[in-house]
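In order, the protein sequences belong to chains G and Y.
Read in order, the letters of the first sequence are residues 207 to 714 in this note's numbering.
Read in order, the letters of the second sequence are residues 2 to 402 in this note's numbering.
No residue lacks a Cβ here, since even glycine has one placed at the ideal position from N, Cα and C.
Every value quoted in this text rests on a predicted model; they were computed, and no experiment measured them.
The structure under discussion appears below in the form of C-alpha cells.
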Amino acid sequence: MKLAYWMYAGPAHIGTLRIASSFKNVHAIMHAPLGDDYFNVMRSMLERERDFTPVTASIVDRHVLARGSQEKVVDNITRKDAEENPDLIVLTPTCTSSILQEDLQNFVDRAQLEAKGDVLLADVNHYRANELQAADRTLHQIVQYYIEKARKQGNLPEGKTEKPSVNIIGISTLGFHNQHDCTELKRLMGDLGIEVNEVIPEGASVKNLKNLPRAWFNLVPYREIGLLAGRYLEAEFGMPCVDITPMGVVETARCIRKIQQVINAQGADVDYEEFINEQTLYVSQAAWFSRSIDCQNLTGKKAVVFGDNTHAAAMTKILAREMGIHVVWAGTYCKYDADWFREQVSEYCDEVIVSEDNGAIGDAIARVEPAAIFGTQMEHHVGKRLDIPCGVIAAPIHIQNFPLGYKPFMGYEGTNQIADLVYNSFTLGMEDHLLEIFGGHDTKEVIHKGISADSDLSWNKEAQAELNKVPGFVRGKVKRNTEKFARDRGFSEITLEVMYAAKEAVGA
Amino acid sequence: AMAELEEGDISAQLNDYEELKRLCLQIKRDRNPSVIVFIGTCTTEIIKMDLEGLAPKLEAEIGIPIVTARANGLDYAFTQGEDTVLAAMAHKCPDKAPVMEAEKEERNAISKLLNFGRKKEDVAAEQSEYVDHTPLVLFGSLPDPVVTNLTLELKKQGIKVSGWLPSKRYTELPVLEEGYYVSGVNPFLSRTATTLMRRRKCKLIGAPFPIGPDGTRAWIEKICSVFGIEPKGLEEREAQIWENLEDYIKLIRGKSVFFMGDNLLEISLARFLIRCGMTCPEIGIPYMDKRYQAAELALLEKTCKQMGVPTPRIVEKPDNYNQIQRINDLKPDLVITGMAHANPLEARGINTKWSVEFTFAQIHGFTNARDILELATRPLRRNNNLKELGWEKLVKEEAKI
C-alpha cells in the first residue's frame, strides 16, 4: 500500500477510454462497479462535449461477485451493438475486474459471434500500467487489430501516396491542448507541402486504419501516447517514425529537419532550411523575444519544471536554451520512462527529479524557492500556497486548461503561446515584489465600505460568528442587506433571528 | 487520502495489517487527527480485507479511534456513502457514561464562568424557553449555518436539539441513550436510521424532510406532534415564505421536470417542485427505501392530489440510456441530471440542472427554499436571457440517442 493524496496519472482504464472515445463510432464498455463511469463526467465537463460520451458500464455488483458476470457482459455488448451500431466495441477492464479474474476474452469472443461490429478486449492490467501507458497500448492494439484484419481480408492498400504524406499519431481526448496542437501540426505539414494521411485516434474512423501504411512517415508528437503504434508501423512496414516533439523554436526546427531527411530518403527533394529561417525570424516571435529587453530581465532567474515527459522536457529546454532561465530542477511523473527524461534534460538543469509523490514535489519547490514554477495544476496549488506564480504546462489539468481560444503548444504559433506563458508568469512575480517593497497598491487603510460606515447597529456574538462563516465574497452583501433590514424595522441589535429573517425577506 | 493498493496487496504478499499500520502511523505523524475513517472500496470487498476486524486492533495499537465504513460502488450510490459513514459513527457515539457527566459539569463550570456578569434569571430564562421533552438528536451532515438555522427553527417551538450526528468534531459526537428520539434531515440516511433504532435503541421520528417550506413545516409539525406540542405560527411562516418565492415560482409554474436520479434527494425535491406548480413525469432514484421515506412519499402523493397533477412514476435504478429516449419523447422543460448528460442534453436544446449542486447547496429549512429555486430556475433564467439568439440545438445531425 502507499499513501496518496493526489495522483498525477489516472488509472489504466482512463487511458483506454481516452483512446476509445477519441475514435469516431467506437464504443467502450467498462467492466466496473457503479460509479466508475466518472470518465463521462470528466469528458463532458472538461472538453465541454456536445455529444454523449460513448462509454457505458457493465455493472459489477454483489450478484456478479457471487455468481460471476455470466451473460451480463455479453448481453451488454450485443445490446450496445444493436442500439448504436458502433464499428468497434472495446471491453475495458478496471481495477475491480482485474482481481475478479473473469475470462473477459471469452465474453468478447462470444459477443463477437452476435455483434455486427468488431469487439476487442483492451489488453491492459490495472496494477501494471497507468493512464498513459494504457492509452499507448490500447492505440497500438487497435491499430494492429485493423491492420491484421485488412491483411487477412486482402484489402490492405498497396504503395505510398503520390506526394509525401504523414500520419499524426497520438492526438486524443482529454490531452493537454491536443486539439490546438493538432490544428497547428496540420498547418505546419501544409506549409511543408506534406499531405496529412490520417490523424489518430482523435476523430478517426477505425475503417480508415488500414490506410495508415500509405503515408511516407509517422509523426508522434507526444512521448506518452502513440509511440508503440509508431514503432509497430515501423517494424511492419518500414515506415520511419519521427518522434521529436516540435515544441520550442529549436526543437521545431530539429523536427522539421528530421522530416526533411526521412522524406528525401524516399525520393522527395525538399529543402526546408529557408522555411525554418523565415518562420523562426518572422512568424514566431519567440526568437526575437529572447533577444528583447524583456527576456534579458529574465536571465538567470530561477525556475522549476514538472510535468509529463513531453512537456516537462520541452519546457526545460525552452527555458534554459532559448530564454536563458536557470532551471534549478526539472522533473517528471512518468517514472516508467524516466531514463528518456534524464537523457533529454540533464544538460539543461541542475537536478532531475522523478517522482509521483505530490508531497515530495511540493517540498522540492519550497526548498529552492524559484521565481516561477512550470508544472501541472497540482504545482499551481503549491505555488499559491508559497506565493510563487505557476504556468500550467501539463496534465493533470482542469477546465481552465481547455481554452476555447487557439492555444497550441506546438509549432511556430506554439512558441508564441509559450513565450507569453513564461513571460506572464515571471512579470507577475516581479510585480509582486515591487508591491511588497512599496507596501501594496493602496497604502491607505479602508475603514468602512458603503453604508456600514454610519452603522449604529450592533451585531451580537452569535450573529457576528455566523456572518464570519458566510463566504468572503458575499459577506459584504449579506451584511449590508441584514443591516438595511434591521434598520427598516427598527432593530438595534442583530441576532441570528434577525439575520435569517433578513435572508428570507430579501433573498440575500 | 488514499491507501493505494499495489499488486503485492492483492496477492496477499504484503500483510494488510502491517501495511495499514504503517500508513496510519504516517497519518498520525503528519496530521494528528482525532479520528481516522477507513472507507472500504470495491477492491477491499472483493479481496475480502477484514477492515472491521483490523480496525479495533489498530485502534488499540496507535491510539486513534478508527471508524470503518464500507462505502463501495458494489453496494451503494453517491450520497449513500455518507449514510454508511454516519451509521458507523452512530456506533461510536457515547452513551451517557459517568465520564461524560463529569465533563458536562466541567463544561457547565466553564459556561458559568462565561456567563459571569449575566443575571441568574437570564440563564434560567434560557432554560425555560424549552419544553421539557425526551432528548432529540438529529442526524445528517449539513453546513454549519443550516445546522444553526434548523436548530433555531425547533427552538421557536420549544424543542431543544441535544445533539447532532455528525458534530463538528469527532470528539463532540452526541450522547445517544436508549429511548432518545432521533430524526433524519436527509432522505438517504436509511442505514443510519436503522442503526440508531436497532443498535442504539433510539426512537425514529419518521417525517418528511425539511426541504422546501412545505417539507420544513411538515418536518417540524411531525416532531412537535411526537412531543405533544402545539406548533406555533408555522402556517403563517410557510405562507410568508411562499409569498417571497413568487418571482421564482412564476418562472416554473406549469413547466415539467424530469429527474434522472443520482443522489436520493429526488423525492423531496420533486415534491417541493410539484408544490411550486411543476409537473413531474418521472423521478429516477438510485435506491428507494420505502420505509424510511414513507412520510415523504405520503406527502408527495398528497401534494400531487392537491395540485391536481398525476403522481410521478418512480424509477428505481434507472437505465440512463432508456431515460434519454424518454426525455427525447417527453421534451421536459427541465432535466435534473448528472454532469455526464448535462452538456449533451443542453446541446440538444433541453434545459438541464446539474444534480450534484443540490447536494452541496444549502437547501434545508424555510430560509433556504429560495436557494433551491435559485438553482432550479437558473437554466430557465439563463435561456430567457439568450432567447432571441436563435441557437438552441447545437449538434449537427439529430443524434441517434
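Going by DSSP, what residue range makes up the alpha helix (DSSP H) through Y322 (chain Y)?
First-last of the alpha helix (DSSP H) with Y322 (chain Y): N321 to L331.
Taking the C-alpha atoms as reference points, what is the distance between E19 (chain Y) and D290 (chain Y)?
Distance between the alpha carbons of E19 (chain Y) and D290 (chain Y) is about 39 Å.
May I ask you to list, following chain order, the residues of the stretch 165 to 177 of chain Y that have a beta carbon less than 7 Å from some beta carbon of chain G?
Correct list: empty, as no residue qualifies.
Going by the CB atoms, is the gap between T516 (chain G) and E408 (chain G) shorter than 8 Å?
No, the pair does not count as a contact, with Cβ atoms beyond the cut-off.
What would DSSP say about G366 (chain Y), mapped onto helix, strand or coil?
Of the three classes helix, strand and coil, the one that applies to G366 (chain Y) here is coil, per DSSP.
Does chain Y have any CB closer than 8 Å to the CB of T259 (chain G)?
Chain Y, which has a Cβ nearer than 8 Å to the Cβ of T259 (chain G), makes this yes.
In chain order, what residues of the same chain lie with their CB nearer than 6 Å to the CB of H604 (chain G), ignoring the 5 residues before and after it?
Excluding positions up to five away in sequence, the list reads Q583.
Can you tell me which of the three DSSP states E104 (chain Y) falls into?
For E104 (chain Y), the predicted model reports a pLDDT of 45, less than 50, meaning its position is unreliable; a value from the coordinates is still stated below. E104 (chain Y) falls in the helix class under three-state DSSP.
At 7 Å on the CB atoms, spell out the chain Y contacts of C301 (chain G), in chain order.
Correct list: T44.
When DSSP labels each residue in this structure, what does F258 (chain G) get in the three-state scheme?
In the structure shown, F258 (chain G) sits in coil (DSSP, three-state: anything other than H, G, I, E or B).
What three-state label does DSSP hand E130 (chain Y) in the structure shown?
If DSSP states are grouped into helix, strand and coil, E130 (chain Y) belongs with coil.
Name, going along the chain, the residues of the stretch 693 to 714 of chain G whose beta-carbon falls closer than 8 Å to a beta-carbon of chain Y.
Flagged, chain order: L702, E703, Y706, K709, E710, A711 and G713.
Please classify E480 (chain G) as buried or exposed, where buried requires at least 16 neighbouring CB atoms within 10 angstroms.
Classification of E480 (chain G): exposed, given that the 10 Å Cβ count is below 16.
With DSSP run on the structure shown, which of helix, strand or coil describes N187 (chain Y)?
N187 (chain Y): coil per DSSP, three-state reduction.
Just how far apart, CA to CA, sit T302 (chain G) and T262 (chain G)?
If I take the Cα positions, the gap works out to 16 Å.
Are the Cβ atoms of V132 (chain Y) and V183 (chain Y) separated by less than 8 Å?
Not a contact, by the Cβ cut-off of 8 Å.
Which term fits S498 (chain G), buried or exposed, when burial requires 16 or more other beta carbons within 10 angstroms of its beta carbon?
Exposed is the call here.
Verify whether the separation of the beta carbon atoms of L21 (chain Y) and A2 (chain Y) is less than 8 Å.
No.
Find the nearest neighbour of K508 (chain G) within the set G:S698, G:R316, G:H346 and G:V628, judged by alpha-carbon distance.
Nearest of G:S698, G:R316, G:H346 and G:V628 to K508 (chain G), Cα basis: G:V628.
Can you find a CB in chain G that lies within less than 8 Å of the CB of A295 (chain Y)?
For A295 (chain Y), the answer is no, since every Cβ of chain G falls outside 8 Å of its Cβ.
At the 8 Å Cβ level, is G323 (chain G) part of the contact set with chain Y, yes or no?
No, no contact with chain Y.
For a test of the three-state rule: what should DSSP assign to D545 (chain G), helix, strand or coil?
Of the three classes helix, strand and coil, the one that applies to D545 (chain G) here is helix, per DSSP.
Thinking C-beta only, is A341 (chain G) closer than 8 Å to T259 (chain G)?
Cβ distance not < 8 Å, so T259 (chain G) and A341 (chain G) don't count as in contact.
Using a 10 Å radius around the Cβ and a threshold of 16 neighbouring Cβ atoms, would you call W665 (chain G) buried or exposed?
Buried, because 16 or more other Cβ atoms sit within 10 Å of the Cβ of W665 (chain G).
Look up G135 (chain Y) in the DSSP assignment and say whether it is helix, strand or coil.
It should be pointed out that residue 135 (chain Y) corresponds to Thr in this sequence rather than to Gly. The answer is coil: DSSP assigns T135 (chain Y) none of H, G, I, E or B.
Let's test the definition: count the other Cβ atoms within 10 Å of the Cβ of K413 (chain G) and tell me whether it reaches 16, buried, or not, exposed.
Looking at its Cβ environment, which holds fewer than 16 other Cβ atoms inside 10 Å, K413 (chain G) is exposed.
Against Q27 (chain Y), what residues of chain G qualify as contacts under a CB-to-CB distance less than 9 Å, listed in chain order?
The contacting residues are L209.
From the DSSP secondary-structure annotation, give me the bridge partner or partners of W355 (chain Y).
For W355 (chain Y), which the question treats as bridged, DSSP gives the partners Y:T338.
Leaving out five residues before and five after G185 (chain Y) in sequence, what residues of the same chain have Cβ atoms less than 6 Å from its Cβ?
For G185 (chain Y), where only same-chain residues beyond five positions count, the Cβ hits under 6 Å are F140, G141 and A194.
For P287 (chain Y) and G41 (chain Y), what's the separation of their Cα atoms in angstroms?
Spanning the two alpha carbons is a distance of roughly 20 Å.
Against Y351 (chain G), what residues of chain Y qualify as contacts under a CB-to-CB distance less than 9 Å, listed in chain order?
Going along chain Y, no residue has its Cβ under 9 Å from Y351 (chain G), so there is no contact; the nearest lies around 25 Å.
Taking C-alpha atoms, which residue in Y:P167, Y:R218, Y:P380 and Y:A348 lies nearest to V258 (chain Y)?
Of the listed residues, the one whose Cα sits closest to V258 (chain Y) is Y:P380.
Here's a check: name, in chain order, each residue in its chain whose Cβ is nearer than 7 Å to the Cβ of K613 (chain G), leaving out the five neighbours to either side.
If we look at K613 (chain G) and ignore the five residues flanking it on each side, its Cβ neighbours are H383, H386 and Q623.
Hey, could you find the ends of the alpha helix (DSSP H) A570 (chain G) is sitting in?
Taken as a continuous stretch (DSSP letters only), the alpha helix (DSSP H) holding A570 (chain G) covers N564 to V574.
Of all the residues that make up the stretch 262 to 277 of chain G, which are near chain Y by a beta-carbon distance shorter than 9 Å?
Per Cβ criterion, the list reads T262, I265, V266, D267, R268, V270 and L271.
Since V396 (chain Y) meets chain G, which of its residues come closer than 9 Å, beta carbon to beta carbon?
Ordered by position in chain G, the residues that pass the 9 Å Cβ test against V396 (chain Y) are R256 and D257.
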